[in-house]
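Numbering (this note's numbering), first residue to last: 2 to 471. Virtual Cβ for every residue (Gly too), placed ideally from N, Cα, C. These figures come from a predicted structure and were not determined experimentally.
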(Lines of atoms letter the chains of each structure in order from A; the text may use other names.)
(Lines give C-alpha, C1' and ligand atoms only; values in the text may rest on other atoms or scores of the structure.)
Protein backbone atom coordinates (compact mmCIF):
# COMPACT_ATOMS: atom_id res chain seq x y z
CA UNK A 2 0.00 0.00 0.00
CA UNK A 3 3.00 2.33 0.03
CA UNK A 4 3.15 5.11 -2.54
CA UNK A 5 5.77 4.83 -5.28
CA UNK A 6 7.98 7.65 -3.87
CA UNK A 7 7.87 5.91 -0.48
CA UNK A 8 8.80 2.57 -2.06
CA UNK A 9 11.67 4.23 -3.90
CA UNK A 10 12.97 5.88 -0.74
CA UNK A 11 12.62 2.65 1.26
CA UNK A 12 14.57 0.61 -1.29
CA UNK A 13 17.31 3.25 -1.60
CA UNK A 14 17.74 3.54 2.18
CA UNK A 15 17.78 -0.25 2.51
CA UNK A 16 20.49 -0.59 -0.14
CA UNK A 17 22.62 2.13 1.48
CA UNK A 18 22.23 0.55 4.93
CA UNK A 19 23.17 -2.84 3.50
CA UNK A 20 26.27 -1.38 1.84
CA UNK A 21 27.32 0.17 5.16
CA UNK A 22 26.78 -3.15 6.94
CA UNK A 23 28.92 -5.09 4.45
CA UNK A 24 31.42 -2.20 4.28
CA UNK A 25 31.07 -1.71 0.56
CA UNK A 26 30.98 1.62 -1.22
CA UNK A 27 27.92 2.32 -3.39
CA UNK A 28 27.35 4.56 -6.39
CA UNK A 29 24.17 6.68 -5.89
CA UNK A 30 23.18 6.13 -9.51
CA UNK A 31 23.46 2.35 -9.03
CA UNK A 32 21.28 2.59 -5.93
CA UNK A 33 18.65 4.56 -7.86
CA UNK A 34 18.78 2.06 -10.74
CA UNK A 35 18.40 -0.89 -8.37
CA UNK A 36 15.37 0.66 -6.70
CA UNK A 37 13.87 1.26 -10.15
CA UNK A 38 14.34 -2.41 -11.10
CA UNK A 39 12.96 -3.73 -7.80
CA UNK A 40 9.84 -1.55 -7.94
CA UNK A 41 9.11 -2.63 -11.52
CA UNK A 42 9.58 -6.28 -10.54
CA UNK A 43 7.08 -5.87 -7.70
CA UNK A 44 4.64 -3.73 -9.68
CA UNK A 45 5.13 -3.53 -13.47
CA UNK A 46 2.13 -1.21 -13.76
CA UNK A 47 3.91 1.41 -11.65
CA UNK A 48 5.03 2.99 -14.94
CA UNK A 49 1.42 4.12 -15.44
CA UNK A 50 1.57 6.36 -12.36
CA UNK A 51 2.76 9.95 -12.65
CA UNK A 52 4.42 9.59 -9.24
CA UNK A 53 6.76 6.93 -10.62
CA UNK A 54 8.20 9.23 -13.27
CA UNK A 55 8.27 12.35 -11.09
CA UNK A 56 9.89 10.61 -8.12
CA UNK A 57 12.71 9.00 -10.07
CA UNK A 58 13.21 12.08 -12.27
CA UNK A 59 13.54 14.33 -9.21
CA UNK A 60 16.14 12.09 -7.56
CA UNK A 61 18.00 11.73 -10.85
CA UNK A 62 18.13 15.54 -11.12
CA UNK A 63 19.56 15.83 -7.61
CA UNK A 64 22.24 13.21 -8.30
CA UNK A 65 23.10 14.81 -11.63
CA UNK A 66 23.39 18.30 -10.13
CA UNK A 67 25.54 17.08 -7.25
CA UNK A 68 27.91 15.22 -9.59
CA UNK A 69 28.14 17.39 -12.68
CA UNK A 70 26.85 20.89 -11.93
CA UNK A 71 28.61 21.33 -8.57
CA UNK A 72 27.17 24.76 -7.65
CA UNK A 73 28.73 26.93 -4.95
CA UNK A 74 28.02 25.46 -1.52
CA UNK A 75 26.21 28.52 -0.15
CA UNK A 76 23.81 28.45 -3.13
CA UNK A 77 23.49 24.66 -3.25
CA UNK A 78 19.97 24.50 -1.81
CA UNK A 79 18.61 27.15 -4.21
CA UNK A 80 20.33 25.54 -7.21
CA UNK A 81 18.90 22.12 -6.42
CA UNK A 82 15.31 23.43 -6.24
CA UNK A 83 15.73 25.52 -9.38
CA UNK A 84 17.17 22.70 -11.48
CA UNK A 85 14.62 20.17 -10.20
CA UNK A 86 11.84 22.59 -11.21
CA UNK A 87 13.34 22.90 -14.70
CA UNK A 88 13.96 19.17 -15.01
CA UNK A 89 10.40 18.21 -14.03
CA UNK A 90 8.62 20.87 -16.12
CA UNK A 91 8.04 18.69 -19.24
CA UNK A 92 6.69 15.82 -17.12
CA UNK A 93 4.43 18.07 -15.04
CA UNK A 94 2.95 19.65 -18.16
CA UNK A 95 2.48 16.22 -19.72
CA UNK A 96 0.74 14.64 -16.73
CA UNK A 97 -1.16 17.56 -15.21
CA UNK A 98 -1.19 20.27 -17.91
CA UNK A 99 0.20 22.70 -15.34
CA UNK A 100 3.40 23.53 -13.51
CA UNK A 101 4.13 25.74 -10.53
CA UNK A 102 6.29 28.76 -11.28
CA UNK A 103 6.75 29.48 -7.59
CA UNK A 104 7.77 25.96 -6.48
CA UNK A 105 11.47 26.88 -5.97
CA UNK A 106 10.49 29.85 -3.78
CA UNK A 107 7.99 27.74 -1.84
CA UNK A 108 10.37 24.83 -1.29
CA UNK A 109 13.24 27.15 -0.41
CA UNK A 110 11.50 27.94 2.87
CA UNK A 111 9.06 25.05 3.32
CA UNK A 112 11.56 22.18 3.08
CA UNK A 113 14.04 23.42 5.72
CA UNK A 114 11.25 24.59 8.06
CA UNK A 115 9.50 21.21 7.90
CA UNK A 116 12.69 19.11 7.91
CA UNK A 117 14.77 20.95 10.51
CA UNK A 118 12.13 22.54 12.74
CA UNK A 119 8.62 21.07 12.51
CA UNK A 120 9.47 17.36 12.36
CA UNK A 121 12.15 17.47 15.11
CA UNK A 122 9.87 19.52 17.37
CA UNK A 123 7.02 17.05 16.87
CA UNK A 124 9.26 14.08 17.64
CA UNK A 125 10.62 15.74 20.78
CA UNK A 126 7.08 16.62 21.86
CA UNK A 127 5.99 13.01 21.45
CA UNK A 128 8.86 11.87 23.69
CA UNK A 129 8.12 14.51 26.32
CA UNK A 130 4.42 13.68 26.61
CA UNK A 131 5.21 11.00 29.20
CA UNK A 132 7.70 13.12 31.18
CA UNK A 133 6.88 16.81 30.99
CA UNK A 134 3.41 17.55 29.63
CA UNK A 135 3.80 21.31 30.05
CA UNK A 136 7.00 21.47 28.01
CA UNK A 137 5.53 19.17 25.35
CA UNK A 138 2.49 21.44 25.09
CA UNK A 139 4.73 24.50 24.71
CA UNK A 140 6.71 22.81 21.91
CA UNK A 141 3.49 21.85 20.13
CA UNK A 142 2.29 25.45 20.34
CA UNK A 143 5.62 26.59 18.89
CA UNK A 144 5.20 24.07 16.07
CA UNK A 145 1.69 25.35 15.40
CA UNK A 146 3.01 28.92 15.25
CA UNK A 147 5.74 27.93 12.77
CA UNK A 148 3.22 26.13 10.57
CA UNK A 149 0.82 29.09 10.63
CA UNK A 150 3.60 31.45 9.47
CA UNK A 151 4.70 28.98 6.81
CA UNK A 152 1.11 28.59 5.63
CA UNK A 153 0.72 32.37 5.42
CA UNK A 154 3.85 32.56 3.26
CA UNK A 155 2.65 29.77 0.96
CA UNK A 156 -0.82 31.34 0.58
CA UNK A 157 0.82 34.67 -0.23
CA UNK A 158 2.85 33.00 -2.97
CA UNK A 159 -0.21 31.15 -4.30
CA UNK A 160 -2.12 34.41 -4.74
CA UNK A 161 0.28 35.50 -7.46
CA UNK A 162 -1.32 35.39 -10.94
CA UNK A 163 1.86 33.68 -12.12
CA UNK A 164 1.85 30.95 -9.45
CA UNK A 165 0.65 28.25 -11.86
CA UNK A 166 1.11 27.93 -15.60
CA UNK A 167 -1.49 25.82 -17.39
CA UNK A 168 -1.21 24.45 -20.89
CA UNK A 169 -3.19 22.00 -23.04
CA UNK A 170 -1.85 18.55 -23.80
CA UNK A 171 0.87 18.91 -26.41
CA UNK A 172 2.03 16.49 -29.13
CA UNK A 173 4.62 13.79 -28.42
CA UNK A 174 7.04 15.52 -30.80
CA UNK A 175 6.91 18.67 -28.67
CA UNK A 176 7.51 16.61 -25.54
CA UNK A 177 10.63 15.07 -27.09
CA UNK A 178 11.96 18.52 -28.04
CA UNK A 179 11.31 19.83 -24.53
CA UNK A 180 13.12 16.91 -22.90
CA UNK A 181 16.15 17.50 -25.13
CA UNK A 182 15.98 21.20 -24.25
CA UNK A 183 15.87 20.35 -20.54
CA UNK A 184 18.94 18.14 -20.85
CA UNK A 185 20.81 20.92 -22.66
CA UNK A 186 19.94 23.43 -19.91
CA UNK A 187 21.13 21.00 -17.24
CA UNK A 188 24.35 20.25 -19.11
CA UNK A 189 27.66 20.87 -17.27
CA UNK A 190 29.26 24.28 -17.31
CA UNK A 191 31.03 25.11 -20.53
CA UNK A 192 28.61 23.10 -22.65
CA UNK A 193 28.09 25.03 -25.92
CA UNK A 194 24.72 26.49 -26.95
CA UNK A 195 23.06 26.01 -23.57
CA UNK A 196 20.81 28.97 -24.38
CA UNK A 197 19.29 26.78 -27.10
CA UNK A 198 17.78 24.57 -24.38
CA UNK A 199 15.70 27.47 -23.07
CA UNK A 200 14.51 28.22 -26.60
CA UNK A 201 13.43 24.58 -27.00
CA UNK A 202 11.30 24.85 -23.84
CA UNK A 203 9.41 27.95 -24.98
CA UNK A 204 6.86 26.08 -27.17
CA UNK A 205 5.58 24.30 -24.05
CA UNK A 206 4.36 27.62 -22.68
CA UNK A 207 2.97 29.02 -25.91
CA UNK A 208 1.47 25.94 -27.56
CA UNK A 209 -2.07 26.54 -28.81
CA UNK A 210 -4.28 23.48 -29.40
CA UNK A 211 -6.67 23.08 -32.27
CA UNK A 212 -10.10 24.59 -31.70
CA UNK A 213 -13.40 24.67 -33.59
CA UNK A 214 -13.90 27.08 -36.44
CA UNK A 215 -16.92 29.36 -36.63
CA UNK A 216 -20.11 27.30 -36.95
CA UNK A 217 -18.49 24.08 -35.75
CA UNK A 218 -19.51 22.20 -32.60
CA UNK A 219 -17.07 20.02 -30.70
CA UNK A 220 -19.03 17.84 -28.32
CA UNK A 221 -17.68 15.41 -25.72
CA UNK A 222 -19.73 13.21 -23.41
CA UNK A 223 -17.35 12.46 -20.56
CA UNK A 224 -17.06 9.11 -18.82
CA UNK A 225 -17.99 10.01 -15.23
CA UNK A 226 -19.29 6.58 -14.28
CA UNK A 227 -22.99 6.44 -13.47
CA UNK A 228 -23.69 10.09 -14.10
CA UNK A 229 -23.62 12.74 -16.79
CA UNK A 230 -21.23 15.45 -17.86
CA UNK A 231 -20.74 16.92 -21.32
CA UNK A 232 -18.51 19.65 -22.74
CA UNK A 233 -19.59 21.76 -25.72
CA UNK A 234 -17.03 23.92 -27.53
CA UNK A 235 -17.53 26.50 -30.24
CA UNK A 236 -14.87 28.76 -31.73
CA UNK A 237 -14.59 31.08 -28.71
CA UNK A 238 -16.94 29.64 -26.10
CA UNK A 239 -17.31 26.64 -23.80
CA UNK A 240 -20.37 25.19 -22.08
CA UNK A 241 -20.35 22.38 -19.52
CA UNK A 242 -23.63 20.47 -19.14
CA UNK A 243 -23.72 18.68 -15.74
CA UNK A 244 -20.64 17.66 -13.78
CA UNK A 245 -21.07 14.02 -12.78
CA UNK A 246 -21.31 12.57 -9.25
CA UNK A 247 -19.30 12.95 -6.07
CA UNK A 248 -19.03 10.15 -3.52
CA UNK A 249 -17.07 10.55 -0.28
CA UNK A 250 -13.57 11.68 -1.19
CA UNK A 251 -14.04 11.01 -4.92
CA UNK A 252 -15.37 13.81 -7.09
CA UNK A 253 -15.71 13.36 -10.85
CA UNK A 254 -15.69 17.13 -11.25
CA UNK A 255 -12.12 17.22 -9.93
CA UNK A 256 -11.07 13.82 -11.30
CA UNK A 257 -12.60 13.94 -14.80
CA UNK A 258 -14.20 17.24 -15.82
CA UNK A 259 -11.46 19.66 -14.73
CA UNK A 260 -8.59 17.53 -16.15
CA UNK A 261 -10.43 17.29 -19.48
CA UNK A 262 -10.92 21.07 -19.62
CA UNK A 263 -7.20 21.53 -18.96
CA UNK A 264 -6.43 18.89 -21.56
CA UNK A 265 -8.33 21.01 -24.08
CA UNK A 266 -6.58 24.21 -23.03
CA UNK A 267 -9.81 25.83 -21.83
CA UNK A 268 -9.21 28.86 -19.59
CA UNK A 269 -12.76 29.78 -18.56
CA UNK A 270 -16.37 28.62 -18.89
CA UNK A 271 -18.99 30.75 -20.55
CA UNK A 272 -21.75 28.66 -19.04
CA UNK A 273 -22.33 25.81 -16.62
CA UNK A 274 -25.75 24.22 -17.00
CA UNK A 275 -26.93 21.77 -14.34
CA UNK A 276 -29.93 19.83 -15.64
CA UNK A 277 -31.20 19.03 -12.11
CA UNK A 278 -29.90 18.62 -8.58
CA UNK A 279 -29.41 14.83 -8.39
CA UNK A 280 -25.90 13.96 -7.22
CA UNK A 281 -24.98 12.17 -10.45
CA UNK A 282 -25.48 15.46 -12.30
CA UNK A 283 -24.49 18.17 -9.81
CA UNK A 284 -21.95 16.35 -7.62
CA UNK A 285 -18.84 17.73 -9.33
CA UNK A 286 -20.09 21.31 -9.70
CA UNK A 287 -18.16 22.76 -6.75
CA UNK A 288 -14.86 21.37 -8.04
CA UNK A 289 -15.49 22.78 -11.51
CA UNK A 290 -16.51 26.21 -10.23
CA UNK A 291 -13.54 26.44 -7.88
CA UNK A 292 -11.17 25.61 -10.75
CA UNK A 293 -12.66 27.73 -13.54
CA UNK A 294 -14.11 31.24 -13.68
CA UNK A 295 -17.66 30.82 -14.98
CA UNK A 296 -19.67 33.63 -16.53
CA UNK A 297 -23.16 32.16 -16.06
CA UNK A 298 -24.78 29.20 -14.29
CA UNK A 299 -28.21 27.82 -15.22
CA UNK A 300 -30.07 25.12 -13.32
CA UNK A 301 -33.58 23.75 -12.91
CA UNK A 302 -33.00 23.92 -9.14
CA UNK A 303 -30.91 27.06 -8.48
CA UNK A 304 -31.44 26.84 -4.71
CA UNK A 305 -29.01 23.93 -4.70
CA UNK A 306 -26.17 25.86 -6.37
CA UNK A 307 -25.08 29.34 -5.30
CA UNK A 308 -24.99 31.93 -8.05
CA UNK A 309 -27.18 29.97 -10.46
CA UNK A 310 -30.32 31.09 -12.30
CA UNK A 311 -33.35 29.15 -13.52
CA UNK A 312 -33.14 27.46 -16.89
CA UNK A 313 -36.45 28.07 -18.66
CA UNK A 314 -37.85 27.23 -22.07
CA UNK A 315 -37.52 30.16 -24.44
CA UNK A 316 -34.01 31.07 -23.32
CA UNK A 317 -31.67 31.19 -26.32
CA UNK A 318 -28.33 32.62 -27.37
CA UNK A 319 -25.83 32.31 -30.20
CA UNK A 320 -22.09 31.69 -30.12
CA UNK A 321 -20.00 31.73 -33.30
CA UNK A 322 -22.94 30.85 -35.60
CA UNK A 323 -24.10 28.10 -33.23
CA UNK A 324 -27.54 28.49 -31.63
CA UNK A 325 -28.45 27.28 -28.14
CA UNK A 326 -32.11 26.84 -27.16
CA UNK A 327 -33.49 25.80 -23.77
CA UNK A 328 -36.62 23.73 -24.49
CA UNK A 329 -37.63 22.70 -20.97
CA UNK A 330 -38.88 23.21 -18.24
CA UNK A 331 -41.69 25.80 -18.27
CA UNK A 332 -41.66 28.60 -15.75
CA UNK A 333 -44.68 27.28 -13.83
CA UNK A 334 -44.20 23.58 -14.47
CA UNK A 335 -44.38 21.12 -11.60
CA UNK A 336 -43.35 17.49 -11.39
CA UNK A 337 -40.55 15.20 -10.34
CA UNK A 338 -36.98 16.47 -10.20
CA UNK A 339 -36.13 14.28 -13.21
CA UNK A 340 -38.99 15.66 -15.29
CA UNK A 341 -37.91 19.22 -14.50
CA UNK A 342 -34.45 18.67 -16.01
CA UNK A 343 -33.07 21.37 -18.28
CA UNK A 344 -33.31 20.29 -21.92
CA UNK A 345 -30.89 22.01 -24.30
CA UNK A 346 -30.79 21.89 -28.09
CA UNK A 347 -27.62 22.99 -29.89
CA UNK A 348 -27.89 23.78 -33.60
CA UNK A 349 -25.14 24.61 -36.06
CA UNK A 350 -24.62 24.57 -39.83
CA UNK A 351 -23.22 21.02 -39.62
CA UNK A 352 -25.61 19.31 -37.21
CA UNK A 353 -27.65 19.38 -34.02
CA UNK A 354 -27.31 17.97 -30.50
CA UNK A 355 -30.12 17.40 -27.98
CA UNK A 356 -29.27 17.09 -24.27
CA UNK A 357 -32.17 15.88 -22.16
CA UNK A 358 -30.94 15.37 -18.59
CA UNK A 359 -33.12 12.81 -16.78
CA UNK A 360 -36.52 13.62 -18.29
CA UNK A 361 -39.07 10.81 -18.30
CA UNK A 362 -42.17 10.09 -20.38
CA UNK A 363 -44.30 12.91 -18.97
CA UNK A 364 -41.73 15.51 -20.03
CA UNK A 365 -41.17 13.73 -23.36
CA UNK A 366 -44.89 14.01 -24.19
CA UNK A 367 -44.86 17.73 -23.34
CA UNK A 368 -41.83 18.32 -25.57
CA UNK A 369 -43.44 16.47 -28.47
CA UNK A 370 -46.64 18.53 -28.19
CA UNK A 371 -44.79 21.81 -27.85
CA UNK A 372 -42.00 21.42 -30.40
CA UNK A 373 -42.93 18.60 -32.79
CA UNK A 374 -40.44 18.69 -35.70
CA UNK A 375 -38.09 21.04 -33.83
CA UNK A 376 -37.05 18.06 -31.67
CA UNK A 377 -35.21 16.36 -34.53
CA UNK A 378 -31.49 16.06 -33.82
CA UNK A 379 -28.45 14.34 -35.27
CA UNK A 380 -27.10 13.45 -31.84
CA UNK A 381 -29.23 12.63 -28.81
CA UNK A 382 -27.98 12.17 -25.28
CA UNK A 383 -30.45 9.51 -24.20
CA UNK A 384 -32.85 10.65 -21.45
CA UNK A 385 -32.19 9.31 -17.96
CA UNK A 386 -29.15 7.24 -18.96
CA UNK A 387 -31.30 4.84 -21.01
CA UNK A 388 -33.83 4.01 -18.30
CA UNK A 389 -37.06 2.25 -19.30
CA UNK A 390 -38.96 5.15 -17.76
CA UNK A 391 -37.75 7.32 -20.64
CA UNK A 392 -37.15 7.05 -24.40
CA UNK A 393 -40.72 6.28 -25.38
CA UNK A 394 -41.22 5.06 -28.93
CA UNK A 395 -43.05 8.28 -29.85
CA UNK A 396 -40.21 10.43 -28.53
CA UNK A 397 -37.59 8.36 -30.32
CA UNK A 398 -39.39 8.65 -33.65
CA UNK A 399 -39.91 12.39 -33.17
CA UNK A 400 -36.20 13.04 -32.54
CA UNK A 401 -34.98 10.47 -35.11
CA UNK A 402 -31.33 10.72 -34.05
CA UNK A 403 -28.48 9.40 -36.18
CA UNK A 404 -26.46 8.69 -33.05
CA UNK A 405 -27.60 8.04 -29.50
CA UNK A 406 -25.09 8.44 -26.68
CA UNK A 407 -25.80 6.77 -23.33
CA UNK A 408 -24.14 8.27 -20.24
CA UNK A 409 -23.92 5.19 -18.04
CA UNK A 410 -21.37 3.57 -15.75
CA UNK A 411 -19.68 0.29 -16.61
CA UNK A 412 -21.71 -2.58 -15.10
CA UNK A 413 -23.80 -0.11 -13.08
CA UNK A 414 -26.30 -1.45 -10.55
CA UNK A 415 -29.28 -0.07 -12.47
CA UNK A 416 -28.36 -2.00 -15.62
CA UNK A 417 -28.53 1.23 -17.65
CA UNK A 418 -29.05 1.48 -20.52
CA UNK A 419 -31.93 -0.94 -20.70
CA UNK A 420 -31.53 -3.44 -23.54
CA UNK A 421 -35.14 -2.73 -24.46
CA UNK A 422 -34.41 0.99 -24.83
CA UNK A 423 -31.25 0.36 -26.87
CA UNK A 424 -33.30 -1.87 -29.20
CA UNK A 425 -35.91 0.86 -29.67
CA UNK A 426 -33.27 3.23 -30.99
CA UNK A 427 -31.61 0.60 -33.15
CA UNK A 428 -34.98 -0.35 -34.66
CA UNK A 429 -35.27 3.10 -36.27
CA UNK A 430 -31.68 2.95 -37.57
CA UNK A 431 -29.92 4.95 -34.85
CA UNK A 432 -26.38 3.93 -33.93
CA UNK A 433 -25.84 3.63 -30.19
CA UNK A 434 -22.77 4.30 -28.05
CA UNK A 435 -22.18 3.93 -24.31
CA UNK A 436 -19.64 5.69 -22.11
CA UNK A 437 -19.60 2.57 -19.93
CA UNK A 438 -18.20 0.61 -22.87
CA UNK A 439 -16.37 3.08 -25.11
CA UNK A 440 -15.34 5.64 -22.49
CA UNK A 441 -15.69 9.36 -23.22
CA UNK A 442 -17.41 9.95 -26.55
CA UNK A 443 -16.23 12.84 -28.74
CA UNK A 444 -17.78 14.07 -31.95
CA UNK A 445 -16.99 17.05 -34.16
CA UNK A 446 -19.86 18.58 -36.08
CA UNK A 447 -17.88 20.26 -38.82
CA UNK A 448 -17.65 20.40 -42.60
CA UNK A 449 -16.83 16.67 -42.79
CA UNK A 450 -20.10 14.95 -43.64
CA UNK A 451 -19.24 11.53 -42.21
CA UNK A 452 -19.38 12.49 -38.56
CA UNK A 453 -18.92 9.61 -36.12
CA UNK A 454 -18.49 9.55 -32.32
CA UNK A 455 -15.02 8.45 -31.23
CA UNK A 456 -14.70 6.42 -28.02
CA UNK A 457 -11.72 7.34 -25.82
CA UNK A 458 -11.01 3.71 -24.88
CA UNK A 459 -10.90 2.65 -28.51
CA UNK A 460 -8.77 5.62 -29.56
CA UNK A 461 -6.31 5.07 -26.69
CA UNK A 462 -6.41 1.30 -26.58
CA UNK A 463 -4.13 -0.56 -24.16
CA UNK A 464 -3.27 -4.24 -24.43
CA UNK A 465 -4.48 -4.93 -20.89
CA UNK A 466 -7.93 -3.41 -21.48
CA UNK A 467 -10.98 -5.47 -22.34
CA UNK A 468 -12.81 -5.04 -25.61
CA UNK A 469 -15.49 -2.35 -25.49
CA UNK A 470 -18.20 -4.92 -26.08
CA UNK A 471 -17.30 -6.97 -23.00
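(1) Am I right that residue 378 and residue 354 are in contact with their C-beta atoms under 8 Å? What's the rounded C-beta distance?
(2) With 16 other CB atoms within 10 Å as the buried threshold, where does residue 395 fall?
(3) Quick one: what does DSSP say residue 326 is sitting in, helix, strand or coil?
(4) Count the other CB atoms, across all protein chains shown, that sit within 10 Å of the CB of residue 264; report buried if there are 16 or more and exposed otherwise.
(5) Is the Cβ-Cβ distance between residue 380 and residue 341 less than 8 Å?
(6) According to DSSP, residue 166 sits in a beta bridge with which residue or residues?
(7) Check residue 296 in the structure and name its three-state DSSP category.
(8) Is the region 201-213 in contact with the region 324-331, if contact means three or more CB pairs nearer than 8 Å?
(9) May I ask you to report which of helix, strand or coil DSSP gives residue 483?
(10) Just to confirm my understanding: we take residue 101, look at its own chain, exclude 5 residues before and 5 after, and list those with CB closer than 7 Å. What are they?
(11) Quick check: what's the CA-CA separation for residue 1 versus residue 347?
(12) With a Cβ-Cβ cutoff of 8 Å, do residue 296 and residue 274 count as a contact?
(13) Taking all protein chains shown into account, do 16 or more other C-beta atoms lie within 10 angstroms of the C-beta of residue 361, making it buried, or fewer, making it exposed?
(14) Provide the residue span of the alpha helix (DSSP H) that contains residue 399, from first to last.
(15) Considering Cα atoms alone, identify which of 168, 5, 232 is closest to residue 205.
(16) Curious, which full-length beta strand (DSSP E) runs of at least 3 residues does the region 251-283 contain?
(17) Looking at the structure shown, is residue 442 part of a helix, part of a strand, or coil, going by DSSP?
(18) Give the secondary structure of residue 310 by DSSP, where H, G and I count as helix, E and B as strand, and everything else as coil.
(19) Could you compute how far the alpha carbon of residue 470 sits from the alpha carbon of residue 375?
(20) Please list the terminal residues of the continuous alpha helix (DSSP H) segment that includes residue 7.
(21) Start and end of the alpha helix (DSSP H) containing residue 335?
(22) Relative to the alpha-carbon of residue 234, which residue among 220, 244, 225, 227 has its alpha-carbon at the smallest distance?
(23) Please look up how many angstroms separate the CB atoms of residue 431 and residue 388, rounded, as I've assumed it's under 8 Å.
(24) Report the three-state DSSP secondary structure of residue 35 (helix, strand or coil).
(25) Quick one: using the 10 Å Cβ neighbour count with 16 as the cut-off for buried, is residue 4 buried or exposed?
(26) One question on the structure: do residue 105 and residue 82 come within less than 8 Å of each other, judged by their Cβ atoms?
(27) Is the distance from the Cβ of residue 290 to the Cβ of residue 261 below 8 Å?
(28) Hey, is the region 191-200 in contact with the region 423-430, meaning 3+ C-beta pairs nearer than 8 Å?
(29) With DSSP as the reference, please indicate the residues paired to residue 404 in a beta bridge.
(30) Exposed or buried, what is residue 128 when buried is set at 16 or more other beta-carbons lying within 10 Å of its beta-carbon?
(31) Determine the contact status of residue 85 and residue 63, defining contact as a CB-CB distance below 8 Å.
(32) Sort 402, 45, 80 by Cα distance to residue 109 and report the nearest one.
(33) Using the beta-carbon count (16 or more within 10 Å), is residue 150 buried or exposed?
(34) To which residues of the same chain is residue 318 closer than 7 Å at the C-beta, ignoring the five residues directly before and after it?
(35) In whole angstroms, what separates the C-alpha of residue 477 from that of residue 386?
(36) Do you know whose CA, among 171, 402, 306, lies nearest residue 352's CA?
In short:
(1) About 6 Å separates the two Cβ atoms, so the contact holds.
(2) Exposed, by the Cβ-count rule.
(3) In the displayed model, residue 326 falls within a strand according to three-state DSSP.
(4) Burial call: exposed.
(5) For residue 380 and residue 341, no; Cβs fall outside 8 Å.
(6) Checking the DSSP bridge columns, you'll see residue 166 partnered with 100.
(7) Residue 296: coil per DSSP, three-state reduction.
(8) With a cut-off of 8 Å, the region 324-331 and the region 201-213 do not count as touching, because too few Cβ pairs lie within range.
(9) Coverage of the chain is limited to positions 2 through 471, which leaves residue 483 absent and any answer about it impossible.
(10) Only 164, 165 meet the Cβ criterion.
(11) In the structure as shown, the chain begins at 2 and stops at 471. Residue 1 is therefore absent and cannot be evaluated.
(12) Not closer than 8 Å, so no.
(13) By the neighbour-count rule (16 or more Cβ atoms within 10 Å), residue 361 is buried.
(14) That run of the alpha helix (DSSP H) goes 394-400.
(15) 168 is the residue among 168, 5, 232 whose C-alpha sits nearest the C-alpha of residue 205.
(16) With a minimum length of 3 residues, the continuous beta strand (DSSP E) runs that stay inside the region 251-283 are 272-275.
(17) The answer is strand: DSSP assigns residue 442 an E or B state.
(18) Note: residue 310 maps to strand in three-state DSSP.
(19) Confidence is the limiting factor: at residue 470 the pLDDT is only 49, short of 50, which leaves the residue's position unreliable and the question unanswerable from this model.
(20) Membership of residue 7 in the alpha helix (DSSP H) is indicated by the continuous run 5-22.
(21) Per DSSP, residue 335 is not a residue of any alpha helix (DSSP H), being assigned neither H nor E.
(22) Minimum Cα distance to residue 234 is reached at 220.
(23) No, residue 431 and residue 388 are not in contact; Cβ-Cβ is about 17 Å, not under 8 Å.
(24) In the structure shown, residue 35 sits in a helix (DSSP, three-state: H, G or I).
(25) Residue 4 counts as exposed, since fewer than 16 other C-beta atoms from the protein chains shown sit within 10 angstroms of its C-beta.
(26) Yes, the pair counts as a contact, with Cβ atoms nearer than the cut-off.
(27) No. Outside cutoff.
(28) Fewer than three Cβ pairs drawn from the region 191-200 and the region 423-430 lie within less than 8 Å of each other, which leaves the two stretches out of contact.
(29) Bridge partners of residue 404: 380, 432.
(30) Exposed.
(31) In this structure, residue 85 lies near residue 63, with their beta-carbon atoms less than 8 Å apart.
(32) Nearest C-alpha to residue 109: 80.
(33) With fewer than 16 other Cβ atoms within 10 Å, it is exposed.
(34) Excluding sequence neighbours, residue 318 sits near 325.
(35) In the structure as shown, the chain starts at 2 and stops at 471, and residue 477 therefore has no counterpart that could be examined.
(36) Ranking the options by Cα distance to residue 352, first place goes to 402.
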